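Line order of the protein sequences matches chains A and B.
Counting from 0, one number per residue, gives the positions in the first sequence under numbering that gives the first Met the number 0.
Counting from 0, one number per residue, gives the positions in the second sequence under numbering that gives the first Met the number 0.
Note sheet for the following structure.
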Amino acid sequence: MQKKKTFWKRYGLLVITGLGVGAAAVLLTALGNPANMGFCIACFLRDIAGALNFQRAGFDAQVGSGIVQYVRPEIIGLVLGSTIIALIRREFKPKGGSSPMLRFVIAVFVMIGALVFLGCPLRMVIRIGGGDLNAVVGLAGFVIGILIGILFLRRGFSLRRAYKQSMAEGLAFPVLMAVLLVLLLVRPGFLAFSAKGPGSMAAPILSALLAALVVGVLAQRSRLCMVGGIRDAVLFRDFHLISAFGAILAAVLAGNLILGKFHLGLADQPIAHMEALWNLLGMVLVGWGSVLLGGCPLRQLILAGEGNTDSAVTVTGFIVGAAVAHNFGLASSAAGIGTGPVAVAVGSGLVVLAAVSVANMQKLEG
Amino acid sequence: MMDQYTATFYTHLAAMRSSIALEEAGVQVQLAPVPRRLSSSCGTCALYEAETPMLECMDVDVEAVYRRGRDGFVLLHSNPCT
C-alpha cells in the first residue's frame, strides 16, 4: 500500500498529464484536426505562420489560400493555460537574457528538422500511437540528437543564465497570444485561412481552446517535456518526465485502437513520408537543438506562458523556421521530402548546432 | 551533526561546477532535476549531506540553497543577483 502511494505521489500528475495530452490529441482529431496531428506544436505554429502570410505553401489561386494556413487555438490555449495557472500559483516570473539570439537560430533549425520529419516530438509519439513506423525511425533520430546534446552538456555547454525581467516583458508574449485569439474570432481579411489541405481541417475553436487550456495547465504543473524525459533518464537516472512520454503513447494507442484508427506500417500513413534518412536526420536536429534550448517545442510554449522571454524568442524562431522551411521548399509532404535544398539545410543545421555547442562550452572548474 | 541540503542553480553548468567543488571538499553529492515544489523550471539541483551548507563551494550562478528537513525545505541562501 505504501509503495502504491509513493508511486502515485511521484508519477501521478505526470501520468495524468500524459493521458490528458494523448486523449486530447485523439479527441481533437475525431473533432476535425488532421489525422495523427491532434496536438502537433510544429505543425500548428507552421499553420499560424501561414495565417499571418509568412508562408503560403501549396497556394491555389482559385481558392485564394495555401494548404497550411490557420490560427490554431491549441497554441493559444497552451500558452494562456500556462499563464493563468502560473499567475494563480505565483509562479509567473518574468526572466530572460540567456543568449536569446542563439536560441532564435537554434529554434529555426529545430523547426526545419521537425518539418522535414513532419512533426514535433509530441506528434512523433502521436504518430507512433497511430501505428506509423516512420515515426519510430524519427524516434531513433530524436534519441541520437538528445544524446549528442547531453554529450555537450556534460562537457560544459551553457547558454548562460537568465535574469529577472519586467512584468510587461514577461506578459508581452501571452498578450500577443490573446490578441491572436481575438483575430481568430474576428477573422479579419488580412489573415489567411486554408480552404483545403491540412490547414482547412480543424476541430471547433471552443473545443480546441478548452482542451489546450487544460493541457497547458497540466503541462505547467507537471513540467511535461518530451526532451526532458529522455535527458533526465540518461543524465540523472530520473524517470519522472519519461513516464508522461509513455502515458501519451498509451492513451493515443488505446484511443486509436478503440476508434479503429490504428494502422501499423510504413506506407500510406497520414501526413507522413517514408524517406527514412530524412526522418532520422530531421529528428536528430530536433533532439539536439531541443537539449541546447532546454526543452521541447511544447515546453517552450509553456515556459513562454509563465514569463520566460527566452522561450518566447524561441517560439518566434520556430515560426520563422516554419516560414523558411515552406518558402524554400524544405518542408516534407506525404509525397516525400521537399523539392528545395533539403540536404543543404539539414547539413547546415547540423553544422550550426555543432558550432553553437562548441562555442558555448565552458571550463567545468569554475 | 550532518544535515541534508539542496542547492538550485541558474544553469546546468553551475550545478556541475558546484558538484565538482563539493566532491573536492570531500562531500558526496548527487545531481538531480529540481524538485517541483521549489521551482516550475526544469533545472538541475545538487543534493548533498554535510555539516554546513558549504556555500564556499557554490558557483557564482547558484540560485538558492535549502536545508531539507521534516518540515520541508528551509531557505538558507539566495543569490542577491536575480
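Note that beta-carbon positions come from the ideal geometry of N, C-alpha and C, so glycine has one too.
Bear in mind the structure is a predicted one, so any value in this text is a computation, not a measurement.
Quick one: residues in its chain with C-beta nearer than 6 angstroms to the C-beta of A/H325, no 5 flanking neighbours on either side, listed in chain order?
By 1-based counting over the first sequence, the position of residue 325 of chain A is 326. Excluding residues within five positions, the ones whose Cβ falls inside 6 angstroms are Q54, A56.
Give me the Cα-Cα distance between B/I19 and B/D58, rounded to the nearest whole angstrom.
Against the second sequence, residue 19 of chain B aligns to sequence position 20. Against the second sequence, residue 58 of chain B aligns to sequence position 59. Going from the Cα of B/I19 to the Cα of B/D58 covers about 10 angstroms.
Backbone secondary structure at B/T7 - three-state DSSP
Within the second sequence, residue 7 of chain B is the residue found at index 8, counting from 1. Strand, per DSSP.
Between the CA atoms of B/A13 and A/A113 - distance to the nearest angstrom:
Along the first sequence, one-based indexing puts residue 113 of chain A at 114. Along the second sequence, one-based indexing puts residue 13 of chain B at 14. In a straight line, the C-alpha of A/A113 is about 31 angstroms away from that of B/A13.
Note down the Cα distance separating A/V214 from A/G328, rounded to an integer number of angstroms.
Looking up residue 214 of chain A in the first sequence gives position 215. Looking up residue 328 of chain A in the first sequence gives position 329. Near 32 angstroms, if we compare the C-alpha coordinates of A/G328 and A/V214.
Should A/E90 be flagged as near chain B, meaning a C-beta pair shorter than 7 angstroms?
The residue you call residue 90 of chain A lines up with position 91 of the first sequence. At least one chain B Cβ lies under 7 angstroms of A/E90.
Would A/W277 and A/G144 qualify as a contact pair, given that the criterion is a beta-carbon distance under 7 angstroms?
In the first sequence, counting from the first residue as 1, residue 277 of chain A sits at position 278. In the first sequence, counting from the first residue as 1, residue 144 of chain A sits at position 145. The beta carbons of A/W277 and A/G144 sit no closer together than 7 angstroms.
A/P33 to A/V25, Cα distance in whole Å?
Counting from 1 along the first sequence, the entry for residue 33 of chain A is found at position 34. Counting from 1 along the first sequence, the entry for residue 25 of chain A is found at position 26. Computed Cα separation, rounded: 10 angstroms.
Closest to A/G129 by CA distance: which of A/N359, A/L258, A/S332, A/L352 is it?
Indexing the first sequence from 1 puts residue 129 of chain A at position 130. For the residues A/N359, A/L258, A/S332, A/L352, the minimum Cα distance to A/G129 belongs to A/L258.
In whole angstroms, what is the alpha-carbon distance linking A/R186 and A/G348?
In the first sequence, residue 186 of chain A corresponds to position 187, counting from 1. In the first sequence, residue 348 of chain A corresponds to position 349, counting from 1. Near 36 angstroms, if we compare the C-alpha coordinates of A/G348 and A/R186.
Using the beta-carbon count (16 or more within 10 Å), is B/E50 buried or exposed?
Taking the first residue of the second sequence as position 1, residue 50 of chain B is located at position 51. By the neighbour-count rule (16 or more Cβ atoms within 10 Å), B/E50 is not buried but exposed.
Nearest CA to the CA of A/V312: which residue from A/M100, A/I127, A/D267, A/R9?
Against the first sequence, residue 312 of chain A aligns to sequence position 313. The shortest Cα separation from A/V312 among A/M100, A/I127, A/D267, A/R9 belongs to A/M100.
Excluding the five sequence neighbours on either side, which residues of its own chain have a C-beta within less than 6 angstroms of the C-beta of A/S221, listed in chain order?
Taking the first residue of the first sequence as 1, we reach residue 221 of chain A at position 222. So the qualifying residues of the chain are L12, L13, T16.
Closer than 7 angstroms, CB to CB, is A/G227 near chain B or not?
Here residue 227 of chain A corresponds to residue number 228 of the first sequence, with the count starting at 1. Against chain B, the CB of A/G227 has a partner CB under 7 angstroms away; the residue lies at that interface.
Straight-line CA distance for A/I66 to A/L190?
Here residue 66 of chain A corresponds to residue number 67 of the first sequence, with the count starting at 1. Here residue 190 of chain A corresponds to residue number 191 of the first sequence, with the count starting at 1. In a straight line, the C-alpha of A/I66 is about 14 angstroms away from that of A/L190.
Mind checking the region 214 to 226 of chain A against chain B and listing, in chain order, the residues whose C-beta falls within less than 7 angstroms of any C-beta there?
Q219, R222, C224
Could you check whether the region 247 to 263 of chain A touches the region 90 to 97 of chain A, counting it as contact only if at least three pairs of C-beta atoms, one from each stretch, sit closer than 8 angstroms?
no
Is B/Y4 close to chain A, meaning its C-beta is less than 7 angstroms from at least one C-beta of that chain?
By one-based count along the second sequence, residue 4 of chain B stands at place 5. Not closer than 7 angstroms to any Cβ of chain A, the Cβ of B/Y4 fails to qualify, so no.
May I have the straight-line CA-CA distance separating A/V343 from A/L138, to the nearest angstrom?
As a working mapping, residue 343 of chain A is identified with position 344 in the first sequence. As a working mapping, residue 138 of chain A is identified with position 139 in the first sequence. Whole-angstrom Cα-Cα distance: 22 angstroms.
Ordered along the chain, which non-local residues of its own chain (more than five positions away) have a Cβ less than 8 angstroms from that of A/T338?
The residue labelled residue 338 of chain A in the question sits at position 339 within the first sequence. Taken in chain order, the residues that qualify are G328.
So what's B/R67 in DSSP terms, helix, strand or just coil?
Stepping through the second sequence from its first residue, residue 67 of chain B is reached at position 68. DSSP places B/R67 in strand when its eight states are reduced to three.
Per-residue contacts from B/D60 into chain A (C-beta, under 8 angstroms)
Here residue 60 of chain B corresponds to residue number 61 of the second sequence, with the count starting at 1. In chain order: R160.
Inter-residue CB distance, A/M360 and A/R230 (contact presumed, cutoff 8 angstroms)
As a working note, residue 360 of chain A is residue 361 in the first sequence. As a working note, residue 230 of chain A is residue 231 in the first sequence. In fact, because the Cβ distance is near 17 angstroms, the residues do not count as touching under 8 angstroms.
Using the Cα positions of B/V64 and B/L75, report the straight-line distance between them to the nearest angstrom.
In the second sequence, the residue the question calls residue 64 of chain B occupies position 65. In the second sequence, the residue the question calls residue 75 of chain B occupies position 76. Roughly 6 angstroms between the two C-alpha positions.
On the criterion of 16 or more Cβ atoms from any shown chain inside 10 Å, does A/I87 qualify as buried, or is it exposed?
Walking along the first sequence from the start, residue 87 of chain A turns up at place 88. When all chains shown are included, A/I87 counts as exposed.
Is any beta-carbon of chain B found at less than 7 angstroms from that of A/M166?
Your numbering for residue 166 of chain A matches position 167 in the first sequence. It does not: the Cβ of A/M166 has no partner Cβ on chain B nearer than 7 angstroms.
Residues of chain B with CB closer than 9 angstroms to the CB of A/D231, please, in chain order.
As a first step, residue 231 of chain A is located in the first sequence; it is residue number 232 there, counting from the start. Neighbours of A/D231 on chain B, chain order: A31, P32, C41.
Outcome for B/P79 when other beta-carbon atoms lying within 10 angstroms are tallied against a minimum of 16
For the purposes of this step, residue 79 of chain B is identified with residue 80 of the second sequence, where counting begins at 1. So B/P79 ends up on the exposed side.
Shortest alpha-carbon distance to A/G140 belongs to which of A/I336, A/V283, A/L302, A/F317?
Start at 1 with the first residue of the first sequence, and residue 140 of chain A comes out as number 141. When each option's Cα is compared against that of A/G140, the closest is A/V283.
Any chain B beta carbon closer than 7 angstroms to A/F235:
In the first sequence, residue 235 of chain A corresponds to position 236, counting from 1. Yes - at least one Cβ of chain B is within 7 angstroms of the one on A/F235.
Does DSSP put A/L205 in a helix, in a strand, or in coil?
Counting from one through the first sequence, the residue named residue 205 of chain A turns up at place 206. Note: A/L205 maps to helix in three-state DSSP.
Cβ of B/Y9 less than 7 angstroms from any chain A Cβ?
As a position in the second sequence, residue 9 of chain B is number 10, starting the count at 1. Closer than 7 angstroms to some Cβ of chain A, the Cβ of B/Y9 qualifies, so yes.
Flag this pair as touching only if the region 159 to 176 of chain A and the region 36 to 54 of chain A have three or more C-beta atom pairs under 8 angstroms; answer yes or no.
For the pair of segments examined, the region 159 to 176 of chain A was found not to touch the region 36 to 54 of chain A: the number of CB pairs separated by less than 8 angstroms stays below three.
Could you check which residue in A/V290, A/F244, A/F156 has the C-alpha nearest to that of B/M15?
Along the second sequence, one-based indexing puts residue 15 of chain B at 16. Nearest C-alpha to B/M15: A/F156.
Name, please, each residue of chain B whose Cβ falls closer than 9 angstroms to the Cβ of A/G294.
Here the question's residue 294 of chain A lines up with position 295 in the first sequence. Here the neighbours are C41.
Select from A/L180, A/P269, A/M123, A/L152 the residue whose C-alpha is nearest the C-alpha of A/G209.
In the first sequence, residue 209 of chain A corresponds to position 210, counting from 1. Inspection of the sequence shows that residue 209 of chain A is occupied by Leu rather than by Gly. The candidate whose alpha carbon is nearest that of A/L209 is A/L180.
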